[in-house]
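What follows is one structure encoded as structure tokens, with my remarks underneath.
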Amino acid sequence: MRALRYDRYGSPDALKIEDVPEPTPRAGQAKVRVHAASLNPLDWKIRAGHMRFVPMFRPPPRGSGSDFAGEIVAVGGGATARHVGERVFGSIIPFGRDGAIADFVVVDYERISPIEDGVDFAQASTLPVAGGTAMQGLVDETRVSVGQRVLITGAAGGVGHFAVQIAKHLDAYVVAVCGSGNIDFVRALGADEVVDYTKDDFTRRDERFDVVFDAAGASSFIASRGLLNEAGSYINTGGDTAAFVTTAVGGVVARFTSRQRAIAIVLRNAATNWARLMPLVRSGVVKPHTARTIAMDEATEAYRSMETGHARGKIVVRVA
Ligand SMILES: NC(=O)c1ccc[n+]([C@@H]2O[C@H](COP(=O)([O-])OP(=O)(O)OC[C@H]3O[C@@H](n4cnc5c(N)ncnc54)[C@H](OP(=O)(O)O)[C@@H]3O)[C@@H](O)[C@H]2O)c1
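In the numbering used here, the protein residues as written are 1 to 320.
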């Protein structure tokens, strides 16, 4: 089968399509024929070596990509509601050497979720990491509710464009932060106000929020603290290790000095959140934005563009 892989840490030039043996599912796993995969910043951060000192992450040779959508072609045994022929989407665990941008993946049952009728593979492939992170941040971590005020940075990006739509679905008042070129896009997602970060420093706004969802890692708990109401929460998606550590330290400070919270998000309960997202996509409440659909051999250039840090929505790889 074809698989997008690399055998050294480095730039997108390290990527190449290889012919590798098809994987075989073990007990508790399904084998999925991948129809579509989507790109996430995590893919390139692993490839660039940003995780090389994190013990769980295996070094190259590795496959690229984690999010996929496709059809189950085999199950490896063990109790499961999943079955051959079922359309599913999910995300492989990023620690290992497999990648989702391949003709087939094997994946644990709990890391896939059914695709509802009316949702296509490309749409479903955009959801796992980006949509799952937005859902976890706004529902599980902060329980955003009607009328609450939510500020979202990186509002045009993979995580942010889902977060704006989910926050509006929860009937929050949303202030979205993005660059000049994305203002109309973010307004169309439903944001109540849009702040152009190239012109205004959102941390100096004279108002308070229940949640600051820093999907761009554009700030920090300390810098955003003045924006939070007395029980407000700051969420950082942990764009890099420094942001993660700073936010975790901020969380300890917040706990001992206030009712505020600082949360360095780590994606978990993934399938639960995917199952919550799917009906929202099927009903059109959440519309994944696909900026580009590419073939596997266009991935090098697509990653290069994503690595500029100014993505709009998602890039989907058409695999099958
Ligand atoms: N911890 C986790 O489990 C987890 C999960 C998912 C993602 N992440 C991380 O979260 C980050 C965002 O992921 P993503 O998929 O949304 O990335 P993305 O699709 O590349 O989007 C990043 C967005 O940030 C915006 N941006 C850049 N600088 C900004 C600034 N100063 N203020 C406001 N917005 C700014 C860019 O838009 P403009 O063109 O408008 O600047 C772009 O739309 C990445 O670092 C990713 O690795 C972590």
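Note that CB positions come from ideal geometry on N, CA and C, so glycine has one too.
If you follow the beta strand (DSSP E) that residue i is part of, which residue opens it and which one closes it?
i: Thr-290; result: 290-295
i: Tyr-324; result: One cannot answer for residue 324 here, as it falls past the ends of the chain, which runs 1 to 320.
i: Ala-264; result: 261-264
i: Phe-209; result: 209-214
Taking the alpha carbon of residue i as the reference point, which residue from the options has its own alpha carbon closest?
i: Val-266; options: Thr-24, Leu-42, Val-106, Pro-12; result: Leu-42
i: Glu-298; options: Asp-7, Met-1, Pro-94, Pro-12; result: Pro-12
i: Gly-76; options: Ile-46, Ser-64, Thr-300, Gln-29; result: Gln-29
i: Gly-179; options: Ala-218, Asp-98, His-50, Ala-172; result: Ala-218
i: Val-139; options: Ala-270, Ala-223, Gly-63, Thr-241; result: Ala-270
i: Glu-207; options: Ile-92, Lys-31, Leu-227, Val-32; result: Leu-227
i: Glu-110; options: Pro-128, Asp-120, Gly-99; result: Pro-128
i: Phe-104; options: Val-174, Glu-22, Asp-117, Gly-147; result: Glu-22
i: Ile-93; options: Val-159, Ala-231, Arg-276, Arg-268; result: Arg-268
i: Arg-5; options: Gly-99, Arg-282, Asn-229, Gly-78; result: Gly-99
i: Val-319; options: Gly-131, Met-51, Ile-101; result: Ile-101
i: Ile-115; options: Thr-80, Ile-72, Phe-95; result: Ile-72
i: Asp-210; options: Val-195, Gly-232, Ala-3; result: Gly-232
i: Val-106; options: Ala-74, His-289, Ala-295, Pro-60; result: Ala-74
Mind checking who residue i pairs with in its DSSP beta bridge?
i: Lys-16; result: Arg-5
i: Ser-38; result: Asp-67, Val-316
i: Leu-280; result: In the DSSP output, where bridge partners are listed per residue, Leu-280 has none listed.
i: Gly-90; result: Phe-68, Ile-112
What does the alpha-carbon distance come out to for the pair residue i and residue j?
i: Trp-274; j: Thr-203; result: 32 Å
i: Val-286; j: Thr-133; result: 14 Å
i: Met-135; j: Ile-263; result: 14 Å
i: Ala-122; j: Lys-314; result: 10 Å
i: Gly-190; j: Gln-165; result: 7 Å
i: Ala-243; j: Ala-188; result: 29 Å
i: Arg-82; j: Phe-221; result: 41 Å
i: Gly-251; j: Glu-141; result: 13 Å
i: Val-253; j: Arg-259; result: 10 Å
i: Glu-86; j: Phe-185; result: 34 Å
i: Ile-152; j: Ala-163; result: 7 Å
i: Thr-234; j: Val-119; result: First, the amino acid is wrong: residue 234 is Tyr here, not Thr. So the alpha carbons of these two residues sit roughly 33 Å apart.
i: Gly-160; j: Lys-168; result: 12 Å
Could you pull the start and end residues of the alpha helix (DSSP H) that residue i belongs to?
i: Phe-339; result: Because residue 339 is not part of the residues shown, which for the chain are 1 to 320, the question remains open.
i: Glu-301; result: 299-306
i: Ser-224; result: 221-224
Please give the ranges of any alpha helix (DSSP H) in the region 141-177, keeping only runs that are unbroken, at least 4 residues long and fully inside the region. Segments of the alpha helix (DSSP H) lying fully in the region 141-177: 158-169.
Contiguous beta strand (DSSP E) assignments of at least 3 residues, all confined to the region 97-149: You should have 104-108, 112-114.
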